[in-house]
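Last residue of the sequence shown: 388 in the numbering used here, with the numbers rising by one and none dropped.
Here's the structure we're looking at; comments come further down.
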Amino acid sequence: MSMSNDPGHFFQTETALANAKRRATKSSNKNGSPITLASKLLSIIPDLTSPMRVYVAESGGIARRIDLESGDKSCIYKGHTAPVTSLALNAAQDVLFTGSWDKTINAYSTETRQKLRTFVGHSDFVKSLLFVPSPKHEDGLLFSGSSDASIIIWDAGTGQRLNTLKGHKRAVGALAVDPVTSNSEAAIIYSSGSERDIKRWEIPYANVGAATESRETIMEHDTSVNMIRFQGEDADMWTASADNTARRIDIRTEVKKNGTSWSDVVLKHPDYVNDVVVEPRGRWVITACRDEEVRVWNISTGELYHIYDGHIEEVTGLAIVGKGEVVVSISIDKTVRKWSLRPVDLTKTVEEKKIQEQEIKEEPIEEKKECFLTEEEERELAELMDDD
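Encoded structure:
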């Protein structure tokens with residue numbers, strides 16, 4: 001007996017049907033000049049050597065470099081046997097690092113695409129990567145966070161494991177270096193993941209094995225913290241969380257706001273927030289949400305300025321490119337899209353969207369005509385049903 005795989009043949013909730021219809025309607029849209037790839041996109045970083053290129057991590061087990069101007073997507077980095085979840089870049093030495101569900105990390109030459117080495121040490125999925133230059137390590141340090149709840153510090157050039165940081169109880173999905181408090185003696189690293197805690201680590205370059213965890217754990221969110229970034233004019237800490245908020249957390253002061261929180265900006269969303277980036281001039285903060293939208297917020301007021309609508313599935317990552325005037329988004333829908341952050345373009349886009357929304361409101365709604373059957377027609381219908 002053959003079984004149908006068509007979801008339309010099975011019971012579906014009204015919500016599921018509405019979502020399927022909405023996505024089908026949106027699927028052909030060209031908003032954000034989409035570049036379509038072969039598999040789901042899980043992570044993105046800018047190419048620091050070229051203003052309009054990015055690297056993306058794909059669920060198909062590869063990483064890819066994309067030229068946003070030409071649309072070229074032929075530069076592929078192969079070698080993993082499971083989804084690639086995370087990326088890091090040593091731009092000075094043209095080395096790309098990729099982390100995967102296969103529990104390993106690979107290093108590649110960005111130009112030749114040759115695999116240089118593989119880092120083996122985690123007992124579960126690799127979920128986050130961070131490259132940090134070091135005055136004591138010629139090739140820098142590589143940090144990796146895993147579903148095994150550990151952070152491993154590696155010599156990025158040799159692949160030697162230098163230390164393992166243990167403090168998290170669940171997966172470590174985000175890593176970031178604080179550029180303000182880090183100095184020539186030590187790197188200050190923050191980590192988060194599948195719990196509400198954000199941890200702070202001090203890593204002495206001369207003795208990585210002597211790394212210490214700060215006693216003060218940041219607990220501003222209610223649940224998982226999906227991203228930590230230090231961005232903007234003052235390199236503030238910004239976070240994105242599954243508690244439906246993105247926050248700016250003032251870690252530079254010892255006094256909590258109203259005695260209860262270090263968060264001085266809280267951006268509320270209708271669903272999980274997966275990523276947050278800040279325009280370099282400090283005017284806009286942009287967020288990626290599970291509800292398929294890319295939101296642009298006014299930092300000074302904390303108000304929503306515009307929603308970029310184009311993806312048809314969860315938005316998983318963001319990157320600022322093009323001299324800070326373009327934000328690039330990736331999604332489970334397998335597309336890479338780019339959106340302007342130039343004030344003149346944003347103003348124009350906002351006005352165009354207002355006009356579109358007004359036109360939709362003014363469209364006449366066609367009334368459904370009731371269908372009445374005559375007595376004879378009702379009798380004929382009843383006879384047909386009896387025959388069946």
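All C-beta atoms in this analysis are idealised placements derived from N, C-alpha and C, irrespective of residue type, glycine included.
State yes or no: is the C-beta of I286 within less than 8 Å of the C-beta of V56? The residue you call residue 286 lines up with position 286 of the sequence shown. The residue you call residue 56 lines up with position 56 of the sequence shown. Not a contact, by the Cβ cut-off of 8 Å.
Give the secondary structure of Q358 by DSSP, where H, G and I count as helix, E and B as strand, and everything else as coil. Here residue 358 refers to the residue found at position 358 of the sequence shown. Of the three classes helix, strand and coil, the one that applies to Q358 here is helix, per DSSP.
Member of W297, N274, D275, D291 whose CA lies at the smallest distance from the CA of W284: Taking the sequence shown and counting its residues from 1, the one referred to as residue 284 is at position 284. For W284, the closest of W297, N274, D275, D291 by C-alpha to C-alpha distance is W297.
What does the alpha-carbon distance come out to for the pair L341 and I249? In the sequence shown, counting from the first residue as 1, residue 341 sits at position 341. In the sequence shown, counting from the first residue as 1, residue 249 sits at position 249. Here the alpha carbon of L341 sits roughly 23 Å from the alpha carbon of I249.
Determine the contact status of V336 and V326, defining contact as a CB-CB distance below 8 Å. What you label residue 336 is simply residue 336 of the sequence shown in a count that begins at 1. What you label residue 326 is simply residue 326 of the sequence shown in a count that begins at 1. Not in contact: V336 and V326 (Cβ atoms no closer than 8 Å).
Grouping DSSP H, G and I as helix and E and B as strand, with all else coil, what is E185? Position 185 of the sequence shown, counting from 1, holds the residue named residue 185. Three-state DSSP puts E185 in coil, outside helix and strand.
Is G159 near K127, with beta carbons less than 8 Å apart? Here residue 159 corresponds to residue number 159 of the sequence shown, with the count starting at 1. Here residue 127 corresponds to residue number 127 of the sequence shown, with the count starting at 1. Taking 8 Å as the cut-off, the Cβ atoms of G159 and K127 do not count as close.
Does DSSP put K73 in a helix, in a strand, or in coil? For the purposes of this step, residue 73 is identified with residue 73 of the sequence shown, where counting begins at 1. K73 falls in the coil class under three-state DSSP.
Report buried or exposed for E279, applying the criterion of at least 16 other Cβ atoms within 10 angstroms of its Cβ. Your numbering for residue 279 matches position 279 in the sequence shown. Burial state of E279 is buried, judged by a 10 Å Cβ sphere holding 16 or more other Cβ atoms.
For M237, which residues does DSSP report across the bridge? Counting from 1 along the sequence shown, the entry for residue 237 is found at position 237. Its beta-bridge partners are F230, I249.
Would you tell me roughly how many angstroms separate the C-alpha atoms of V430 and Q358, rounded to the nearest one? Given a span of 1 to 388 for the chain in the structure shown, any question on residue 430 remains unanswerable.
Are G390 and K199 touching if we call contact CB-CB under 8 Å? Absent from the structure is residue 390, since the part of the chain shown begins at 1 and ends at 388.
Cβ neighbours of S150 in the same chain (closer than 6 Å, five flanking residues each side left out): In the sequence shown, residue 150 corresponds to position 150, counting from 1. Cβ-Cβ distances below 6 Å link S150 to T164, K166 in the same chain, with the five nearest sequence neighbours on each side left out; the list follows chain order.
Closer than 7 Å by C-beta to I312: which residues in its own chain qualify, once you throw out the five before and the five after it? Chain order, please. For the purposes of this step, residue 312 is taken as residue 312 along the sequence shown, with counting starting at 1. R23, K26, S27, E292, D333, listed in sequence order.
Which of the three DSSP states is assigned to K78 in this structure? If you number the sequence shown from 1, residue 78 lands on position 78. DSSP places K78 in coil when its eight states are reduced to three.
Might you give, ordered along the chain, the residues of its own chain that have their beta carbon closer than 8 Å to the beta carbon of M1, omitting 5 neighbours on each side? The residue you call residue 1 lines up with position 1 of the sequence shown. At M1, the pLDDT of 46 sits below 50, so the modelled position is not reliable and the matter cannot be decided from this model.
Output yes or no for whether 8 Å exceeds the beta carbon distance between A88 and F131. Position 88 of the sequence shown, counting from 1, holds the residue named residue 88. Position 131 of the sequence shown, counting from 1, holds the residue named residue 131. Cβ atoms of A88 and F131: closer than 8 Å.
Taking just the CA atoms, how far does I45 sit from I218? By one-based count along the sequence shown, residue 218 stands at place 218. By one-based count along the sequence shown, residue 45 stands at place 45. A straight-line Cα-Cα distance of about 25 Å links I218 and I45.
G61 in three-state terms, based on DSSP: As a working mapping, residue 61 is identified with position 61 in the sequence shown. Looking at G61 - three-state DSSP - the assignment turns out to be coil, as it is neither helix nor strand.
Exposure label - T104; buried when at least 16 CB within 10 Å: For this step, residue 104 is matched to residue 104 along the sequence shown. Buried, because 16 or more other Cβ atoms sit within 10 Å of the Cβ of T104.
Rounded to whole angstroms, what is the Cα-Cα separation between G173 and T301? As a first step, residue 173 must be located in the sequence shown, where it is residue number 173. As a first step, residue 301 must be located in the sequence shown, where it is residue number 301. Rounded to the nearest angstrom, the gap between the Cα atoms of G173 and T301 is 29 Å.
Just to confirm, is the Cβ distance from G140 to S191 under 8 Å? Residue numbering aside, residue 140 sits at position 140 when the sequence shown is read from its first letter. Residue numbering aside, residue 191 sits at position 191 when the sequence shown is read from its first letter. S191 is positioned such that its CB atom lies no closer than 8 Å to that of G140.
Own chain residues within Cβ distance below 8 Å of A156, not counting five before or after: Position 156 of the sequence shown, counted from the start, is the residue given in the question as residue 156. The beta carbon of A156 is closer than 8 Å to those of N90, V95, F97, A107, F131, H137, D139, G140, L141, L142 in its chain, skipping five residues each way along the sequence.
Residues that DSSP places opposite W297 in a beta bridge: Numbered from its first residue, the sequence shown carries residue 297 at position 297. According to DSSP, which records beta bridges pairwise, W297 is partnered with V285, L304.
Could you pull the start and end residues of the beta strand (DSSP E) that G121 belongs to? Counted from its first residue, the sequence shown places residue 121 at position 121. DSSP places G121 in no beta strand (DSSP E); its state is neither H nor E.
Separation of T13 from A235, as counted between CA atoms: As a position in the sequence shown, residue 235 is number 235, starting the count at 1. As a position in the sequence shown, residue 13 is number 13, starting the count at 1. Roughly 45 Å separates the two Cα atoms.
Backbone CA spacing between S59 and A240 [nearest angstrom]: In the sequence shown, counting from the first residue as 1, residue 59 sits at position 59. In the sequence shown, counting from the first residue as 1, residue 240 sits at position 240. S59 and A240 have their C-alpha atoms roughly 22 Å apart.
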